[in-house]
Amino acid sequence: MPATILDGNQIAAEIKSEVAGEVKALTTAGRRPGLAVVLAGNNPASEIYVRGKVKSCEELGIYSERHTPGPSVSTRELLQLVGELNRRDEIDGILVQLPLPAQVDSKAVLLAVDPAKDVDGFHPMNVGFLSTQRPGLVPCTPAGVIEILKRSGIAIAGQEAVVVGRSDIVGKPTAMLLINGNATVTVCHSKTRDLPAVCRRADILIAAIGRAGMITREYVKPGSTVIDVGMNKVTDPAEFERFFRGNAKREQAFAKNGSTLIGDVHPEVAEVAGALTPVPGGVGPLTIAMLMANTARAARLRRGPGVDAHAVA
Ligand code: NDP
């Protein structure tokens with residue numbers, strides 16, 4: 004039986020509608036949530052991501068503003084900008100879009116963001132909160148992975164989960180959230196021995212690698228849940244053929260656009276897995292939905308009546 008396809012667009016829409024309600028309540032109470040996005044340089048992919056984030060804010064009633072320093076911006080200038088945003092009370096979330104221009108010390112800039120406004124959840128203080136199970140702001144894509152599982156009725160507690168990828172922004176925080184959800188978690192990376200065998204242990208397999216279609220059927224236990232975080236652009240016709248030959252819808256789109264998106268999971272996995280997230284339309288939409296949720300949460304934690312930003316869930 005082919006895998007159940009987990010519809011990320013639908014789950015993201017559900018979350019956004021809940022967040023819109025929360026934003027409305029906060030706004031009525033005179034505390035409209037606000038997000039500041041810093042987009043430095045002129046990376047075309049970053050510009051597209053930021054446009055999507057600003058558009059979602061508008062849809063949900065969140066105040067947003069964009070700051071667009073040029074490609075030659077210095078670390079000092081960005082630190083100054085972040086400092087100003089930290090001091091402004093009406094700004095609840097600060098998102099510094101990565102990658103920053105090469106001359107900028109990205110770690111220093113991310114460290115400068117007030118942890119209470121760190122809606123990406125990248126600040127070491129929020130990383131620490133997550134790993135010690137204290138309330139804080141959780142990175143958006145990993146939080147989205149957990150929402151997909153929960154809202155699809157897929158049990159986490161007691162399950163064997165394998166995460167392929169150990170990046171600070173996806174792999175590690177996803178593993179931490181799964182541990183906190185009482186899964187038994189294995190984290191794999193490029194030095195893991197016999198990766199297919201380790202992956203085949205998984206009831207829940209998370210692919211966060213950045214390699215088109217790498218997870219083939221031999222990595223997957225029949226009936227398991229596979230979450231594909233990867234987003235890889237395919238432009239080479241031979242590579243396209245390898246993955247999508249016979250898929251009329253994809254062929255049409257590829258002929259029109261000259262490219263298509265593929266995850267880290269090979270399409271053949273749909274014949275083996277019990278449930279699978281598609282690419283596009285799986286984890287991707289959740290990332291923006293969780294950013295919106297984090298912004299509303301930051302507003303609530305920072306400005307709710309008598310609430311201490313770091314002390315209350
Ligand atoms: P990174 O490049 O930071 O990390 C990739 C990880 O995969 C590393 O831990 C690396 O291991 C591991 N890896 C690479 N090759 C192999 C291999 N052959 N075997 C086993 N492990 C391997 O990527 P990110 O975590 O930032 O992103 C991962 C993917 O998720 C990308 O496709 C990215 O585009 C996508 N992404 C999608 C988002 C969404 O909204 N859907 C958001 C963010 C990312 P090692 O540590 O040993 O090098």
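Just so we're aligned: 225 in my numbering is position 222 of the sequence shown, and the numbers increase by one with no gaps anywhere.
Ideal placement from N, C-alpha and C gives every residue a C-beta, glycine not left out.
With distances taken from CA atoms, which of S77, V26, D231, G33 is nearest A273? Against the sequence shown, residue 273 aligns to sequence position 270. Of S77, V26, D231, G33, the residue nearest in Cα terms is D231.
Roughly how far, in whole angstroms, is the beta-carbon of T195 from the beta-carbon of V173, given that I think they are within contact range, below 8 Å? Position 192 of the sequence shown, counting from 1, holds the residue named residue 195. Position 170 of the sequence shown, counting from 1, holds the residue named residue 173. In fact, because the Cβ distance is near 16 Å, the residues do not count as touching under 8 Å.
Once you ignore the five residues that flank L181 on each side, which residues in its own chain have a CB closer than 6 Å to its CB? Start at 1 with the first residue of the sequence shown, and residue 181 comes out as number 178. Setting aside the 5 residues that flank it on each side, L181 is surrounded in the same chain by A164, V188, each with a C-beta closer than 6 Å to its C-beta; the list follows chain order.
Who does L279 pair with in a DSSP beta bridge? Here residue 279 refers to the residue found at position 276 of the sequence shown. Beta-bridge pairing links L279 to I8, V229.
Any heavy atom of the ligand NDP closer than 6 Å to the Cβ of M234? Start at 1 with the first residue of the sequence shown, and residue 234 comes out as number 231. Judged by the Cβ position, M234 qualifies as a neighbour of the ligand NDP at the 6 Å threshold, a heavy atom of the ligand being closer than this.
Give the DSSP-derived three-state secondary structure of R69 in the structure shown. By 1-based counting over the sequence shown, the position of residue 69 is 66. It is a strand residue.
Label S262 either buried or exposed according to how many other C-beta atoms from any shown protein chain fall within 10 Å of its C-beta, with 16 as the threshold for buried. Along the sequence shown, read from residue 1 onward, the residue named residue 262 stands at position 259. Exposed, by the Cβ-count rule.
Please name the residue in K110, L198, R91, Q255 whose C-alpha comes closest to that of Q100. Stepping through the sequence shown from its first residue, residue 100 is reached at position 97. Looking from the CA of Q100, the closest CA among K110, L198, R91, Q255 belongs to K110.
Cβ distance (whole Å) where A278 is taken to contact I157 below 8 Å: As a position in the sequence shown, residue 278 is number 275, starting the count at 1. As a position in the sequence shown, residue 157 is number 154, starting the count at 1. Indeed they touch by this definition, with Cβ atoms about 7 Å apart.
Output needed for K236: all residues of its chain with C-beta closer than 7 Å, excluding positions within five of it in sequence on either side, in chain order. Here residue 236 is taken as the residue at index 233 of the sequence shown, counted from 1. If you ignore the 5 residues before and after K236, its C-beta comes within less than 7 Å of the C-beta of S262, L264, all in its own chain and listed in chain order.
D10 to M295 span [Cα, whole Å]: Locating residue 10 in the sequence shown gives position 7, where the first residue counts as 1. Locating residue 295 in the sequence shown gives position 292, where the first residue counts as 1. In this structure, the straight-line span from the alpha carbon of D10 to that of M295 is close to 19 Å.
At 4 residues or longer, and completely inside the region 56-129: list those alpha helix (DSSP H) runs for me, N to C. Entirely contained in the region 56-129, the alpha helix (DSSP H) runs reaching 4 residues are, in chain order, 78-90, 109-115.
With burial defined as no fewer than 16 other Cβ atoms inside 10 Å of the residue's Cβ, what is the status of R248: buried or exposed? Start at 1 with the first residue of the sequence shown, and residue 248 comes out as number 245. Burial state of R248 is exposed, judged by a 10 Å Cβ sphere holding fewer than 16 other Cβ atoms.
Taking the C-alpha atoms as reference points, what is the distance between A28 and A200? Position 25 of the sequence shown, counted from the first residue, corresponds to residue 28. Position 197 of the sequence shown, counted from the first residue, corresponds to residue 200. Rounded to the nearest whole angstrom, the C-alpha separation of A28 and A200 is 49 Å.
For K19 versus A292, is the C-beta distance shorter than 7 Å? Counted from its first residue, the sequence shown places residue 19 at position 16. Counted from its first residue, the sequence shown places residue 292 at position 289. In this structure, K19 places its C-beta atom within 7 Å of the C-beta atom of A292.
Take G124 and list the residues in its own chain whose beta-carbon comes closer than 6 Å to its own, dropping the five residues that flank it on each side. The residue given as residue 124 occupies position 121 in the sequence shown. So the list reads L140, V141, P142, once near-sequence residues are dropped.
Go to G174, then tell me how far its alpha helix (DSSP H) extends in each direction, as first and last residue. Numbered from 1 along the sequence shown, position 171 holds the residue referred to as residue 174. Its alpha helix (DSSP H) spans residues 174-183.
Below 8 Å CB to CB, which residues in the same chain sit around Q13 once its five sequence neighbours on both sides are set aside? As a working note, residue 13 is residue 10 in the sequence shown. Result list for Q13: empty, nothing under 8 Å.
What residues match up with T149 in a beta bridge as DSSP calls it? In the sequence shown, residue 149 corresponds to position 146, counting from 1. A quick correction: the sequence has Ile, not Thr, at residue 149. Beta-bridge analysis with DSSP links I149 to no other residue.
For I74, which residues in the same chain have their Cβ closer than 8 Å to its Cβ, ignoring the five residues on either side in sequence? The sequence position of residue 74 within the sequence shown is 71, counting from 1. Reading off the sequence, residue 74 comes out as Pro, not Ile. Hits under 8 Å: A43, G44, N45, P104.
Using 8 Å for Cβ pairs, my map puts P283 next to I8. What's the rounded Cβ distance? Within the sequence shown, the letter at position 280 stands for residue 283. Within the sequence shown, the letter at position 5 stands for residue 8. Rounded to whole angstroms, the Cβ separation of P283 and I8 is 12 Å, and the two are not in contact under 8 Å.
Sorted by chain position, which residues of the same chain lie with C-beta nearer than 7 Å to V325's C-beta, five sequence neighbours on each side aside? Outside the displayed span of the chain (4 to 316) sits residue 325, for which this structure offers no information.
Backbone CA spacing between V26 and E221 [nearest angstrom]: Position 23 of the sequence shown holds residue 26. Position 218 of the sequence shown holds residue 221. Approximately 45 Å between the Cα atoms of the pair.
In the DSSP output, what is L208 paired with across the bridge? Taking the sequence shown and counting its residues from 1, one reaches residue 208 at position 205. BP columns for L208 point to V165, V229.
Hey, would you say the C-beta of S170 is under 6 Å away from at least one heavy atom of the ligand NDP? The residue labelled residue 170 in the question sits at position 167 within the sequence shown. For S170, the distance from the CB to the nearest heavy atom of the ligand NDP is below 6 Å.
Looking only at DSSP bridge pairs, what is A39 linked to? For the purposes of this step, residue 39 is taken as the residue at position 36 of the sequence shown. Answer is E68, I97, bridged to A39.
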